[in-house]
Structure formats: structure tokens, C-alpha cells
Amino acid sequence: MATYQSTPLFGGALVCDLSTKFADVSQLRQVPDNQEVYIDKDGFTSIIVEINERVGGEGSSAEIDGRALTTHLEEIVGDDADRLKVWNTTPTQFSKLDDDIPAYTLIATLSPHAPSATEADSSGSGSASGAGAGKPDFTAIILTLVRLEREHTDLLITVNVPHIRGEYDEDDVDLQLGKQGQLIGDAVDYASRIWESFKVKDWGLFKEV
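Here the sequence shown is numbered in the working numbering, starting from 32 and rising by one per residue.
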């Protein structure tokens, strides 16, 4: 069972519960001003809270907000969009935000580039030290979009879950059959705890970033 602690973000303007397994990346390297980034100290999962300018038209509807969610996801994966598969998208309720603030969560997977002929030759058959060593078989993405229309802001909460061979049980993961496996299951728990605990303590933050 994960242990959580209340974690201040953006100087305490936002707060949510994060697992104590996660470390603040800004203590290790520079992070963009509009992001807070945390990484699992014992694994590869990362959590990113990001403040972005609102995209799309005025108002809220499944169509408008769905397009915005797609736009943000495509910006996150960039040129890799052709290797992306979205498995589901659901409305999301944040316990400590007003009911009229729309939020949505999707689960997607990003497949790796196929190795080039040169990489395949250099890695050799079954070589752990080859070019593909340490590269994920795929990365699961749990992306939550919170639409703060009054603040002209889209708040993104992304949990990235690289699945590296040897670090997970391949037989436990088959999203086509609804089998998420341990790593994605844990990530859903991290996201769920954020939905329950996320609170805005200073709305002025969205004018500053």
C-alpha cells in the first residue's frame, strides 16, 4: 500500500497528495516554470503537473473538450503521434474543485520506434547490452485535463509509465483485454489520489504562469 503526503506545488498555490516514493525533479535539474515534475525514486514512472494556455473554443462540451484533450496529447508526444493508441477517455470528478469545472482523463500507450537495421545488427540476438537495452517496450500515459475557462487555463496532469523489459510481467498487461498490470494499476491509483486531494489555494497563480 502506497504512503501519501500532501505536496505543495508552484510554491504552495496548488496542493495534492503524492506518493512518498516520488522525488521532486527540480532538486536535480531545471524544470520549466509552468511544470512540476516528480519521478519514482525506485522506478521509472513520472508525474507532471503542467499549466498551459487554454486551447479550443469557448464553453464546454464533450466535443470542444475532447478536441482540446487530443491537442494537448499530440503536443506531448510530438512526432510520435502515429505510434500512439488511446484506449479510453472518461469524465473525471475532482473532489475539491467546483462541480462545474470539466475534467477528463485518458489512458494511452506509446509504442517505440522500430530499431533500424544498424541498431538491430549491433544489438545482436538477445543481447542485454545492445542499442535497445533500457528502452521501454512501450510507455503508458494517463493524462488528465482540467479546463479552467475563467482563468484561460488548461491544467494537465500526466503520469508517464515506461514499461521496460524485465521490470514488469508481460503476461499481466493486455489493454485490449482490460489487463493493466501492476505498473499501470499503480499509476491509476496515483492519479485517483490526485483527483481526490487536488486543491487550488491561490487562483492568482494562473495569472502569473
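Beta carbons: idealized from backbone N, C-alpha and C, even for Gly.
None of the values given here were measured: they were computed from a predicted structure.
Task: Simplified DSSP state of residue 135, which is helix, strand or coil - done: strand
TODO: Write down the C-beta distance between residue 187 and residue 179 rounded to the nearest angstrom, noting that I regard them as a contact closer than 8 Å.
DONE: Incorrect: roughly 11 Å between the Cβ atoms, too far for contact.
Task: residue 160 in three-state terms, based on DSSP - done: Low per-residue confidence applies at residue 160: pLDDT is 36, beneath 50, and the placement is therefore not dependable, though the value from the model is reported in the following sentence. Coil, per DSSP.
Task: Segment contact flag, the segment 49-60 with the segment 168-175, C-beta cutoff 8 Å, min 3 pairs - done: no
Task: alpha helix (DSSP H) runs wholly inside the segment 70-117, at least 4 long, in chain order - done: 93-108
- [ ] Can you tell me the Cβ-Cβ gap for residue 192 and residue 215, rounded? I've got them flagged as a contact below 8 Å.
- [x] 6 Å
- [ ] Starting from the Cα of residue 115, find the closest Cα among 106, 122, 123 and give me that residue.
- [x] 106
Task: DSSP state of residue 67 mapped onto helix, strand, coil - done: Here DSSP, grouped into helix, strand and coil, assigns residue 67 to strand.
TODO: Over the uninterrupted beta strand (DSSP E) stretch that includes residue 199, give me the two end residues.
DONE: From DSSP, residue 199 is part of no beta strand (DSSP E); its letter is neither H nor E.
Task: Three-state secondary structure assigned by DSSP to residue 231 - done: It is a strand residue.
TODO: Would you mind giving the Cβ-Cβ distance between residue 120 and residue 100, rounded to the nearest angstrom? I have them listed as a contact below 8 Å.
DONE: 7 Å
- [ ] Decide yes or no for the touch test of the segment 91-98 against the segment 191-206: beta carbon pairs closer than 8 Å, at least 3 of them.
- [x] no
Task: Whole-number beta carbon distance between residue 35 and residue 49, since they are thought to touch under 8 Å - done: 7 Å
TODO: Return the bridge partner residues of residue 122 from the DSSP annotation.
DONE: Paired residue(s): 135.
Task: Where residue 52 sits in the DSSP three-state scheme - done: coil
Task: Beta-bridge pairing of residue 223 - partner residues as DSSP gives them - done: Partner(s): none; residue 223 has no beta bridge.
Open item on the list: Distance check for residue 138 and residue 233, CA to CA, integer angstroms please.
Closed with: 29 Å
Task: Three-way DSSP call (helix, strand, coil) for residue 130 in this model - done: Residue 130 falls in the coil class under three-state DSSP.
Task: Proximal residues to residue 124 (C-beta, below 6 Å), its chain only, five neighbours per side dropped - done: none
- [ ] Please list, in chain order, all residues of the same chain as residue 1 whose beta carbon is under 6 Å from its beta carbon, the five residues on each side excluded.
- [x] Outside the modelled stretch of the chain, which goes from 32 to 240, sits residue 1, for which no answer is possible.
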